[in-house]
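Structure record follows, encoded as structure tokens.
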Amino acid sequence: MKKVVVIGGGTGISAILKGIKKYSSNITAVVTMADDGGGSGILRQDMGILPPGDVRNCIVALSETEGVMENLLQYRFETGGLKGQNFGNILIAALCDIYGSFNNALNQVENIFSMSGRVVPVTYENVHLVAEFENGDKCIGESIIPKMAYKLDTRIKNISLFPQIPKASSDALLAIKEADLIIIGPGSLYTSIIPNLVVDGINDALRKSSGQKVYILNVMTELGETLGFNIRDHVEAIVKHSYEGIIDKIIINNKKPSEEMIKNYLKISRSTEVKIDEDGLNYLKSKGIGYILGDFIEEKDTIRHSGEKIAKGLLDAGLL
């Protein structure tokens with residue numbers, strides 16, 4: 002059974018985890034700890050713990066528990082003093098308080114739920130995301146970076162962490178070292194994927210790892226982060242924050258979403274499909290990056306990757 006590592010943010014990679022766990026129980030989700038918005042941000046500020054939201058999403062994805070328990074972990078209070086807070090976040094916060102650390106809390110979560118793998122923070126240090134924009138401005142805070150980029154009508158130039166470059170968790174480094182397959186993304190390019198790469202030790206571990214590195218290209222561009230981005234833009238942003246050669250293969254969806262869904266995205270967030278053309282594919286060839294084209298999406302309330310289709314594509318390519 003191949004050892005699989007998936008790197009990103011909880012919302013983006015959760016569907017991928019659900020698909021892959023059908024083929025492997027040796028999965029480690031390495032999750033960014035830069036989230037400072039919503040319920041996670043409140044708990045982070047009030048209790049001084051790492052943000053639990055992305056971790057919670059991955060726990061749910063890897064858990065074999067369905068039905069009532071999954072609904073419970075994802076339940077969000079709608080009234081009262083807990084309005085907007087998520088039960089799963091509160092559970093993790095309580096375990097942090099009982100067992101003394103975020104690490105111990107996650108160990109207990111593994112004992113409570115039957116999981117096909119582990120969820121580990123990319124770092125256990127308390128850090129915040131910093132964006133430098135192409136117009137020269139800067140801002141701090143994962144939750145406000147896309148809003149500020151949109152407001153200033155500028156692109157993100159560089160991502161770093163404050164107050165210092167944090168050390169990667171030993172669990173994340175060991176998982177990457179031993180992995181047969183390392184999946185990067187999908188997810189918000191600058192606020193979910195790249196924050197993992199700027200943690201001290203991660204790029205060195207990726208460079209030294211013999212595992213195949215596969216990047217899952219986002220289907221749609223994202224307001225405040227990647228409007229107008231094509232294949233090359235996404236890859237170059239990742240390389241800029243890591244190293245040349247970080248990607249061995251890239252998974253690219255070429256199934257066109259419904260016209261109705263495309264119109265909704267354009268109307269609500271100005272988002273469009275990431276352009277797939279010969280120039281982009283030729284760029285990948287020039288960089289020695291292989292690619293897998295196919296139908297990898299599903300449409301519900303949004304356009305998102307299908308974990309089952311991604312897992313099948315990896316399996317057919319001999320990667321999983």
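Heads up: the sequence shown runs through residues 2 to 321, numbered per the numbering used here. Even glycine gets a Cβ: it sits at the ideal position worked out from N, Cα and C. Everything numeric in this text was worked out from a predicted model, so none of it was measured.
Check, Outcome
"Distance between beta carbons of I141 and V128, contact taken as under 8 Å", "Actually they are not in contact, since the Cβ atoms of V128 and I141 sit about 10 Å apart, beyond 8 Å."
"Contact under 8 Å by Cβ, I93 with R57", "yes"
"Neighbourhood of S115 by C-beta distance below 7 Å, restricted to the same chain and skipping five residues each side", "S64, E65 and T66"
"Best match in K148, I185 and Q109 for proximity to T33 [C-alpha to C-alpha]", "I185"
"Bridge partners - V131, DSSP secondary structure assignment", "I141 and S161"
"Alpha-carbon spacing of H242 relative to E135, whole angstroms", "15 Å"
"Whole-angstrom distance between S144 and G39, CA atom to CA atom", "8 Å"
"Chain-order list of residues whose beta-carbon lies under 8 Å from that of V199 (same chain, five-residue window excluded)", "I160, S161, L162, I166 and H242"
"CA-to-CA distance, I195 to D201, given in whole angstroms", "12 Å"
"Identified DSSP bridge partners for M70", "For M70, which the question treats as bridged, DSSP gives no partner whatsoever."
"Cross-strand partners of K250 (DSSP beta bridge)", "V215 and G291"
"Same chain, Cβ closer than 6 Å to D172, neighbours up to 5 away in sequence not counted", "V121"
"Between the CA atoms of I8 and A318 - distance to the nearest angstrom", "20 Å"
"M221, buried or exposed, once every other Cβ within 10 Å from all chains shown has been counted against 16", "buried"
"V174 classed as buried or exposed, judged by whether at least 16 other C-beta atoms fall within 10 angstroms", "The sequence as given places Leu at residue 174; Val does not occur at that position. Result: buried."
"Cα-Cα separation, S15 to L73", "17 Å"
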